[in-house]
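The block underneath contains the structure these notes are about, expressed in structure tokens.
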Amino acid sequence: MDFAVLAAIGFGIVFLWISAIAVISEKPQARVARALLASGGVVAGAWVTSASAGMTEYGDVSLVLTLLRSFG
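Note that the sequence shown covers residues 189 to 260 in this note's numbering.
See the structure below:
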């Protein structure tokens, strides 16, 4: 297996474990788990936004290059 696949599986397991603690548990650790999920959501949202912006910029550059090739 590729390292990225193993990392994604490991991340998924940890995410599910933290989610279960945050939802089910009434212990003080649940507060920490909820904070981790919230901060993880903010980080993931920022990453997705920057990744999509980068893809948009790449798409714009690709479009300009395609137009230049077709006219030049």
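Virtual Cβ for every residue (Gly too), placed ideally from N, Cα, C.
{"query": "C-beta contact flag for isoleucine 206 and leucine 225 at 8 Å", "result": "yes"}
{"query": "Alanine 208 burial status per 10 Å Cβ neighbour count (16 or more: buried)", "result": "exposed"}
{"query": "Exposure label - alanine 223; buried when at least 16 CB within 10 Å", "result": "exposed"}
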